[in-house]
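Residue numbers (the numbering used here), protein chains in the order written: chain X, 1 to 272; chain P, 273 to 401. By construction, the Cβ of each residue, glycine as well, lies at the ideal position given by its N, Cα and C atoms. Below: one structure, written as structure tokens.
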């Protein structure tokens, strides 16, 4: 039978075409998934890199926006700041002379030079009481003096922050009172904060210039959102488009505001 | 007839090759899972933030796990669940899920004001879903 002589060939050819089609399908699926995975890994790496602005300062360290992005090697907002506690104790052991009395204006004086911080930015000092309210203070040379009302037998704690490489303006006010007590100063802790000066410099920089200069190859946005008020403390970059894959990472940080106040914020990085 | 059989053999050989390729590549490569790394990093970053803020040592000093956990709820993403312990060498593992991968972060504290703290904060973290 003439027409039936190629039936085996036809079946083999059919089987071959079927397997070929399956091979193309699975290989394509594999390649697309591989490509998607590679792209996800790429944007995740970029996002993680940008999140490290919280771990480093600018490179070079003395970079400012005035010098232009061409001179910037690395973005970074971090600076070392310092925190220590002061105990004001109105009990007999701490009274300099006389009985324990209610004090309407007890003077507390601190000399940062005595701590070894003679070159600290004394204007960056901020003092918080136990209710987390700032306490006004007076600067005389390297001495910081503030006053507090304290009743007999009462104990008060104050937390003091300062920076050593910022450039805040003075907020010194006149303070008066009497120094009746011996205060106790506790060791200084070094902490990491997002510096106000660095945030300002980054804000003053063109986003597209920055993006193209650092060679990230992707659009991004860096924000710091205040944890307590949800207000924006820093925003660099564009809003992410609605129809694209975005990698978003976040971490909590401390940041300085315009009056050197130290606040909790959420550093959020988006890359697409 | 010879060429005809030869063609069939070639077809079969090529089919076997393609069958092998299909079986090798039928399972797409599993995307890299960053979730455990991210969870650990976020846990550590949150504890470090509380340490720099001065709150962590205060919580340890007062043995106030509830306050620590309420702070961590605000700091960690909603898809992460956690359990915290103040401990030294033997840390409790109660309230941990049985069928989840749990990441552990240890953060050591030293002093709070005039108090020496001899404990660490252990944070257990896992994905909610």
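With a 10 Å radius around its C-beta and 16 neighbouring C-beta atoms as the bar for buried, classify residue i as buried or exposed.
i, result
"residue 167 (chain X)", "exposed"
"residue 351 (chain P)", "exposed"
"residue 262 (chain X)", "buried"
"residue 349 (chain P)", "exposed"
"residue 241 (chain X)", "exposed"
"residue 290 (chain X)", "Past the boundaries of the shown model lies residue 290 (chain X); chain X is included only from 1 to 272, so the question cannot be answered."
"residue 32 (chain X)", "exposed"
"residue 90 (chain X)", "buried"
"residue 190 (chain X)", "exposed"
Kindly list the residues whose CB is nearer than 8 Å to the CB of residue i, restricted to its own chain and excluding five residues on each side of it in sequence; keep chain order.
i, result
"residue 114 (chain X)", "none"
"residue 71 (chain X)", "60, 63"
Using a Cβ-Cβ cut-off of 6 Å (strictly less than) and excluding sequence neighbours within five positions of residue i, which residues of its own chain qualify?
i, result
"residue 380 (chain P)", "392"
"residue 337 (chain P)", "356"
"residue 210 (chain X)", "69"
"residue 247 (chain X)", "43, 44, 47, 271"
"residue 22 (chain X)", "none"
"residue 340 (chain P)", "331, 356"
"residue 260 (chain X)", "124, 126, 168"
"residue 80 (chain X)", "190"
Does DSSP put residue i in a helix, a strand or coil?
i, result
"residue 306 (chain P)", "coil"
"residue 219 (chain X)", "coil"
"residue 123 (chain X)", "strand"
"residue 356 (chain P)", "strand"
How many angstroms separate the CA atom of residue i from the CA atom of residue j?
i, j, result
"residue 342 (chain P)", "residue 230 (chain X)", "18 Å"
"residue 152 (chain X)", "residue 256 (chain X)", "35 Å"
"residue 40 (chain X)", "residue 317 (chain P)", "23 Å"
"residue 319 (chain P)", "residue 116 (chain X)", "29 Å"
"residue 50 (chain X)", "residue 76 (chain X)", "9 Å"
"residue 334 (chain P)", "residue 384 (chain P)", "10 Å"
"residue 252 (chain X)", "residue 292 (chain P)", "50 Å"
"residue 265 (chain X)", "residue 235 (chain X)", "13 Å"
"residue 197 (chain X)", "residue 399 (chain P)", "37 Å"
Leaving aside the five residues before and after residue i along the sequence, list all residues of the same chain whose C-beta is less than 7 Å from its C-beta, in chain order.
i, result
"residue 180 (chain X)", "95, 96, 103, 106"
"residue 182 (chain X)", "94, 96"
"residue 308 (chain P)", "373, 375"
"residue 359 (chain P)", "391, 392, 394"
"residue 111 (chain X)", "142, 143"
"residue 127 (chain X)", "134, 135, 137, 146, 158, 160"
Check whether the Cβ of residue i lies closer than 6 Å to any heavy atom of the ligand MN, and answer yes or no.
i, result
"residue 394 (chain P)", "What this structure holds is no ligand at all, so the ligand MN is not there to describe."
In chain order, each alpha helix (DSSP H) run of at least 4 residues that lies wholly inside the segment 129-173 of chain X
Fully enclosed alpha helix (DSSP H) runs of 4 or longer: not present.
Complete runs of the alpha helix (DSSP H) confined to the segment 35-118 of chain X [at least 4 residues]:
none
Mind checking the segment 44-62 of chain X against chain C and listing, in chain order, the residues whose C-beta falls within less than 7 Å of any C-beta there?
Among the chains of the structure shown, chain C does not appear; the protein chains present are X and P.
Where in the segment 183-230 of chain X do unbroken runs of the alpha helix (DSSP H), each at least 4 residues long, occur, reported from the N-terminal end onward?
196-203, 207-214
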